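Structure record follows, encoded as structure tokens.
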Amino acid sequence: MRTRPNWIAGIFAALWLAIIMIPVYVMVRASFESRETYAQNGPLGLPREFTLENYVYAFDQGFGRFLLNSALVTLGTVLIILVVVPPLAYAIVRSESRWVALVFRIMLFGLAIPAQVVVIPVFFLIDRISLYDTLLGIIIPTAVFLIPLTTLILSGAMREIGNEQYEAMALDGASSFRIFSTLVLPMSKGGLATIVIFSALNAWNNYLLPLVLTRSADNRVATLALGIFRQEFSLNIPGLMSAIVLTVLPILLMYIFARRSLVRGLMGVGGK
């Protein structure tokens, strides 16, 4: 049976897409124009030239180093999540201990505590252990703030594994580690992909912790550098737009290619 097309919904969807794409068009077009052409054309004008001088200038100002720092922070955060969260979620799902359940409930309080509330104690703690103004000093608290939600997501995925599969491996004499490595991890690929993507998005876009926990330009990340570029390029809009494009592009590509895994994983939070 053929369904009639919903033209009204299509029109509103097209209008919404146009609204979203206008600022993207303004940003990308400006990044490939000189200051003189941009001033003559205006933000919504049609492109009249194509130049890479804004991107060259951004890299000359050290933006490549800032992007590398963001990539290192993102990679470090994801690695910590992958090491800590899977065994933690497995213990929560399979353990019958009341203490494990209690610890899980206490950990979930982390979902209700925003980073802004505890950023000052975090600053003193990072400074006390001599990690202030280091990339590691950003990576550790970033990962810690992500552990509660990523554990909730992955434990929901692990609960989808049937008890009969656990019991079959246990009857074969498999140890807990073997069950975890050969059954749970392969069957939790969707949940693992979700926590990787979610952690990478949050680590790359993080602004507050790098602002508070770093000082030198050598350890500055891209999101933090944009604020400084905004001050320096207050009259150079194309230069600022090129820096924004460089910051947005990596995480945008990640979201485009992995959005389905992210949505599926988030829809499965809580498990059965």
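Quick note on the numbering used here: the sequence shown kicks off at 187 and runs consecutively.
Quick reminder that beta carbons are idealized off the backbone N, C-alpha and C, glycines included.
All values derive from a computational prediction rather than experimental measurement.
Along the alpha helix (DSSP H) that carries I306, what are the first and last residues, could you check? As a first step, residue 306 is located in the sequence shown; it is residue number 120 there, counting from the start. Residue range A301 to R314 is occupied by the alpha helix (DSSP H) that includes I306.
I208: which of L369, A403 and L230 sits nearest, CA to CA? Taking the sequence shown and counting its residues from 1, the one referred to as residue 208 is at position 22. Considering only alpha carbons, the answer is L230.
Beta carbon of G376, beta carbon of A343: below 8 angstroms? Taking the first residue of the sequence shown as 1, we reach residue 376 at position 190. Taking the first residue of the sequence shown as 1, we reach residue 343 at position 157. Contact: yes.
Can you list, in chain order, the residues of its chain with a C-beta nearer than 6 angstroms to that of G456? Leave out the 5 residues immediately preceding and following it. As a first step, residue 456 must be located in the sequence shown, where it is residue number 270. With a pLDDT of 44 at G456, under the threshold of 50, the predicted position of this residue should be treated as unreliable, and no value is reported.
On a Cα-Cα basis, can you pick out the residue from P436, L338, Y441 and T320 that is closest to R291? If you number the sequence shown from 1, residue 291 lands on position 105. Distance check between R291 and each of P436, L338, Y441 and T320 places L338 closest, using alpha-carbon atoms only.
Can you grab the Cα-Cα spacing for the pair N192 / L438, in whole Å? Looking up residue 192 in the sequence shown gives position 6. Looking up residue 438 in the sequence shown gives position 252. Approximately 29 angstroms between the Cα atoms of the pair.
Considering only residues of the same chain and omitting the five flanking positions on each side of A277, which have a CB-CB separation below 7 angstroms? Taking the first residue of the sequence shown as position 1, residue 277 is located at position 91. Hits under 7 angstroms: V286.
Comparing C-alpha positions only, which one of I365, A298 and I333 sits nearest to T263? Indexing the sequence shown from 1 puts residue 263 at position 77. Checked all of I365, A298 and I333; the closest Cα to T263 is I333.
Return the CA-CA distance between R284 and A275, expressed in angstroms with no decimal places. Within the sequence shown, numbered from 1, the residue matching residue 284 stands at position 98. Within the sequence shown, numbered from 1, the residue matching residue 275 stands at position 89. Whole-angstrom Cα-Cα distance: 15 angstroms.
Run the CB neighbour count on P300, radius 10 Å, all protein chains shown included, and call it buried at 16 or more, exposed below. Stepping through the sequence shown from its first residue, residue 300 is reached at position 114. Classification for P300: exposed.
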